[in-house]
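Quick notes on the structure that follows.
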Amino acid sequence: MTLHNGISIFNKKQWLLWLFMLFAFLFYFGFYKGWNKADTDFTNYYIGSVAAAQGNGPLLYNVEAFNKMVDQAAAGASGLFLMYPPPTVFLQRAFIGLSMVQAKQVWMLINAGLLLLLIFQGRVHSKLSAQQVAILLLLSGFNMANDFYLGQVYVLMLLLTVIGFKYYYAADDNLAAIFWGMVAAIKYLPLLFIPMLFFTGRFKLILKLLLVVFIIHLACFNIYGADFYVAYFKAFSDNLLAGKVANQLPLSPQYQSFASLFYQFSDFNSASKDQGLFFLGRGLVIALLILGLIYTLARYAKTSRLSWAFPIALIPLALLLEAGSASYHLLFCFIPLLLVVADDAVISRNKVMLTVAYAALGFLPTVLFKFAQQLDSTLLLFTYSRLWCLVLFYIISLWILYKTPIAKTYYNDLAVLEH
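So, in structure tokens, the structure goes:
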């Protein structure tokens with residue numbers, strides 16, 4: 005099988021074998037291992053919906069009270085709702101009549117259906133076949149498997165974001181705003197598209213996106229009350245605005261962020277000099293990452309190709325700037341990958357490079373982490389492997405944008421629109 009424009013990654017006789025192996029991988033590490041396991045991230049969504057329905061929404065942002073509710077539902081389990089906005093409680097509202105395990109099993113089956121819809125949308129959004137899109141998507145490896153295993157919602161978020169991009173390129177601001185707004189009300193990422201929309205002249209879409217987010221929050225406010233939002237805004241200011249995760253500085257390598265990395269070289273309990281070095285080092289890295297995006301996209305300024313190039317650079321950058329990362333967040337890298345692979349102007353070698361980097365992002369960090377555990381190693385090469393793989397994906401994305409001829413026509417004529 006070839007991807008688009010002559011990329012021979014899989015032989016035509018081998019694509020079925022590749023699909024079988026990748027689906028088997030997802031089934032084993034996602035479905036089989038997670039089917040009867042309730043003590044996962046799903047706890048946060050389920051207990052959040054239950055508590056809000058019982059009028060206990062404000063308690064969701066109290067760590068001790070939330071863990072008490074979790075323990076009552078599943079003895080020994082733990083969770084954390086602190087980082088989630090109030091509309092998150094809508095996600096599992098329909099399943100609170102089931103036990104937590106049953107609700108998670110239903111959600112995993114729904115997730116499987118959403119994955120099929122995502123494959124279909126990827127095919128519609130590009131010139132690739134369903135098999136090709138499926139292989140690209142499943143090369144996300146443990147990132148996709150963890151979404152199923154943990155009962156997460158990022159397949160849904162990715163699907164809605166991909167559909168939003170379809171309407172964005174079709175110049176349908178209303179539907180793009182609706183789909184991106186549903187995601188932004190829960191996971192924030194589409195709000196980071198605002199600079200992209202501003203520089204591509206989509207000012208009405210910015211207003212409509214913010215309006216959709218406001219309407220969703222207003223509905224949640226009317227249903228669950230003002231106290232819920234008072235507790236949320238306090239948690240938001242104490243964490244997201246303060247660069248914290250779960251009321252703590254992201255010191256652990258589990259967060260796989262530059263903030264966490266630079267904390268390894270700093271002692272926040274001692275001299276202020278260490279703190280100054282931390283903020284200086286982190287600030288320089290963030291500045292370099294942003295300058296890389298600006299420099300690369302500058303050549304696309306005032307061209308119709310800017311709307312194609314912007315998300316390819318912006319999405320991995322947004323993931324790199326997170327204070328606390330998670331494997332399933334990286335599913336959003338499927339969007340820049342799809343845009344690159346489906347574009348006629350990008351040469352085959354560069355498409356292959358980004359595909360390999362995407363696969364490395366899906367499999368290598370977990371393998372290296374297990375390897376480090378066996379060796380009892382604290383080498384930053386191993387402990388921050390997911391961060392390094394994401395940096396590699398970002399650099400290759402910028403390289404592709406820099407080397408791709410601007411004059412060539414985008415694969416989807418709807419994207420070449422003047423606004």
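15 is the number that the numbering used here gives to position 11 of the sequence shown; each next residue is one higher, with no gaps.
Built from N, CA and C at the ideal position, the CB exists for glycine as well.
Note that the structure is predicted; figures quoted are calculated from it, not measured.
About 24 Å separates the CB atoms of Y192 and T300; that is not less than 8 Å, and the two are not in contact. With 16 or more other CB atoms across the displayed protein chains lying within 10 angstroms of its CB, E326 is buried. In the DSSP assignment, A107 falls within the unbroken alpha helix (DSSP H) covering 104 to 128. Proximity of the segment 160 to 168 to the segment 51 to 61 falls short of the contact definition, fewer than three beta-carbon pairs being nearer than 8 Å.
Sequence-distant partners of A302 (beyond 5 residues in either direction) whose C-beta falls short of 6 Å from its own C-beta are missing from its chain. In this structure, S82 sits near N71, with a CB-CB distance shorter than 7 Å.
For K191, the uninterrupted alpha helix (DSSP H) segment begins and ends at 177 to 191.
For L63, the closest alpha carbon among the candidates V234, G117, L102 is that of V234. Taking one beta carbon from each stretch, the segment 33 to 44 and the segment 150 to 164 have 3 or more pairs nearer than 8 Å; the two touch.
For P320, the enclosing alpha helix (DSSP H) stretches over residues 310 to 324. Under the three-pair Cβ rule at 8 Å, the segment 358 to 374 does not count as touching the segment 194 to 206. Secondary structure at P409: coil, using DSSP grouped into helix, strand and coil. Going by C-alpha positions, E68 is about 40 Å away from L179. K72 carries a helical assignment under DSSP once its states are collapsed to helix, strand and coil. Using a C-beta cut-off of 8 Å, the segment 210 to 224 makes contact with the segment 168 to 187, since at least three inter-stretch Cβ pairs fall below that distance. Between G366 and S144, the C-beta spacing is below 7 Å. Burial state of S241 is exposed, judged by a 10 Å Cβ sphere holding fewer than 16 other Cβ atoms. If the five residues before and after F29 are omitted, its C-beta is found closer than 8 Å to the C-beta atoms of L142, G145, A149, all from its own chain and listed in chain order. When rounded, the separation of the alpha-carbon atoms in T359 and G61 is 42 Å.
Ranked by Cα distance from D45, the first of L120, Y88, A376 is Y88. Following the DSSP letters along the chain, one finds T92 in no alpha helix (DSSP H), marked with neither H nor E.
A check of alpha carbon separations from W19 across Q136, L119, W39, Q109 identifies Q136 as the nearest. Contact check for F314 against M200 passes: the beta carbons are separated by less than 7 Å. Between the alpha carbons of V395 and V356 lies a distance of about 17 Å. Put simply, the segment 124 to 133 touches the segment 337 to 345. At least three CB pairs are less than 8 Å apart. Excluding five sequence positions before and after G38, the CB atoms of its chain that fall closer than 8 Å to its own CB belong to T44, K108, M112, F152, Y153, L154, G155, given in chain order. Annotated as distal: P409 and A330, with beta-carbon spacing of 7 Å or more.
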